[in-house]
Amino acid sequence: MNTRYRLPLKVALALTLAIVIALWLGWDKPYWAAFSVVVMAVTETSGHSLEKGRQRIAGTIFGVVVAFVLIGLFAQQPVHLLLSYTLFSALCVYQQTNPRYGYIWSIGMMVATLVMIMGGLSGTQTFDIAVLRLQETILGVFCFSLVFSLMWPASSRVVLFDTLKSYFDNQVGFVEQALADLAQTGNLKRDYSFGNSIKRLSRLEDLIQAASADSYEISSTSSHWQQLWHQQNEWTILCGHLYESLRLLNAPLSEVQREKVSRVLGHLQQRAGNASLLLTHYRNQNAYLEPITSKPWLIVPPLESISLLVKDDDIEDQRHGALQMLENILNQMDALHHSMYKTLLEAVETKPYNTVQPSNHSDKRQRQWQFVIPIDPERLVNAFKACLMIWISIALWLYVPMPGGPMIV
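Going by our numbering, 1071 is the number at position 337 of the sequence shown; the sequence numbering is gapless.
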């Protein structure tokens, strides 16, 4: 069957299965299970769908627990209940922009609100609504996962590999342009986009998380993939420094300097080409049975540190500083590029590559700051707006009669 028709067919089957099972079990509101299927279906890959399903279940449990706590403590104290709920909603609105766990906070606020309102602050009714919501959510996630696992299963690993291969292919082209400019003009005067943009880095992090959810090969080497992502961040910073150093050069490089720079760029081009071949080979699921890392040409070791300065040269201070900066950056880029390729090799082979382990300074910095919650003024403003809208809605509900009464779905 054409791949174009597979996704609609799988979504329709999962949706039908969720609704039919909910009706067969006699559960009210079977469309809650259908909502879970639809939400999981509108994602990019199956890994994103599974991750969203897990977060939806976690957010539902979180919202149910919060609703039970608020009702248990403040069921007879409406002012305290509203104040507590307002603070909880503000926290959820503040955290819902978190790129990794924001969906849990959004679902938690929605479920807590739903359970408290539909339960009418009654213990028995609140418990029934909470259990029903949790059952329907789990049913929808289960039906979606079952159908998408049995019918034409697809892995997010392929999308991750294709994205990385596209990046390394582009890098080969950019380095080739740089080598051509260096041979013609004796200098590098353009921004060749060797590094990742912020958008590409965010997509890479997102794909790594998604592939870890539905691929054993990726999840078993998740530490290597995270290390690769941190190295990509460092690479982006170095590429920015390279662009700044090239702007400071006001004269072409000498023949000797061009030869040294060309050697470094040639190593970068060769590694990027090897990385593209590596990703092409391991894109196939069965390729893990035929490792290709035994081929020595795959490993391009870093060069010895180059020196672009000659002691007898009589050059101005600005050019001297620019050459020194360019020299340091090229040496760092060559070493980091080798570490990135080595980490990629370890990640795709699912076994350690027998060389010196790449630096984990970025991991240490990440662990050092991971418990610090930054204060974002824009998110604080959004949280304040949410509190204001909640109290305006409460005032309208109290003082403005609703025709036909309030409606709850």
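Here a beta-carbon is modelled for each residue, glycine too, at the ideal position from N, C-alpha and C. Source: prediction; values computed, not measured.
Legend entry - With 16 other Cβ atoms within 10 Å as the buried cut-off, status of F1118: exposed
Legend entry - S889 and G781 closer than 9 Å at C-beta: Between S889 and G781, the C-beta gap is smaller than 9 Å, which places the two residues in contact.
Inset, instruction - For the region 846 to 903, list the beta strand (DSSP E) runs that are entirely contained and at least 3 residues long, ordered along the chain. - result: none
Inset, instruction - Counting only the same chain and skipping the five closest in sequence on each side, list residues whose C-beta sits under 8 Å from that of T871. - result: W766, A767, S770, R790, I791, T794
Legend entry - Sub-9 Å separation of A947 and W959 beta-carbons: no
Inset, instruction - Could you tell me the distance, in whole angstroms, from the CA atom of I971 to the CA atom of R981? - result: 16 Å
Legend entry - Proximity to E1083 [Cα-Cα], best of T1014, V998, I1126, A1056: T1014
Legend entry - Cβ-Cβ distance between V881 and L757 below 9 Å: no
Inset, instruction - Give the DSSP-derived three-state secondary structure of I1109 in the structure shown. - result: Reduced to three states, the DSSP call for I1109 is coil.
Legend entry - Stretch pair the region 853 to 863 + the region 830 to 843: three plus CB contacts closer than 8 Å: Touching, no.
Inset, instruction - Find the nearest neighbour of A1120 within the set L825, L759, G787, judged by alpha-carbon distance. - result: Looking at the Cα atoms, L825 is the closest of the given residues.
Inset, instruction - For E785, count neighbouring C-beta atoms within 10 Å of its own C-beta (all shown protein chains included) and say buried if the count is 16 or more, exposed if not. - result: It counts as buried.
Inset, instruction - Determine the closest residue to L941 out of T779, W969, E1080, Y837, with distance taken between C-alpha atoms. - result: T779
Legend entry - A1006 and V893 closer than 9 Å at C-beta: Not in contact: A1006 and V893 (Cβ atoms no closer than 9 Å).
Inset, instruction - Check whether the Cβ atoms of T897 and A801 sit closer than 9 Å, and answer yes or no. - result: no
Legend entry - Reduced DSSP category for R834 - H, G, I as helix; E, B as strand; rest coil: coil
Inset, instruction - Taking only the alpha-carbon atoms, compute the straight-line gap between E989 and L922 and give it to the nearest angstrom. - result: 14 Å
Legend entry - P764, buried or exposed, once every other Cβ within 10 Å from all chains shown has been counted against 16: buried
Legend entry - 9 Å Cβ cutoff met for V998 and N1062: no
Legend entry - Neighbourhood of A1189 by C-beta, 7 Å cutoff - its chain only, sequence neighbours within 5 removed: Past the boundaries of the shown model lies residue 1189; the chain is included only from 735 to 1143, so the question cannot be answered.
Inset, instruction - Specify the secondary structure class of Q1100 as computed by DSSP and reduced to three states. - result: Note that Q1100 scores a pLDDT of 45, beneath 50, so its modelled location is shaky and nothing firm can be said.
Inset, instruction - Could you tell me which uninterrupted alpha helix (DSSP H) segments, each at least 4 residues in length, are contained entirely in the region 772 to 804, listed from first to last along the chain? - result: none
Inset, instruction - Pick helix, strand or coil for N984, following the three-state DSSP scheme. - result: Note: N984 maps to coil in three-state DSSP.
Inset, instruction - Give the DSSP-derived three-state secondary structure of G1000 in the structure shown. - result: Helix at G1000.
Legend entry - Beta-carbon proximity list for T777, same chain, < 7 Å, skipping 5 on both sides: S783, K786
Inset, instruction - Inspect the beta-carbon positions of S979 and A912 and report whether they are closer than 9 Å. - result: Their beta carbons are not under 9 Å apart, which means S979 does not touch A912 by this criterion.
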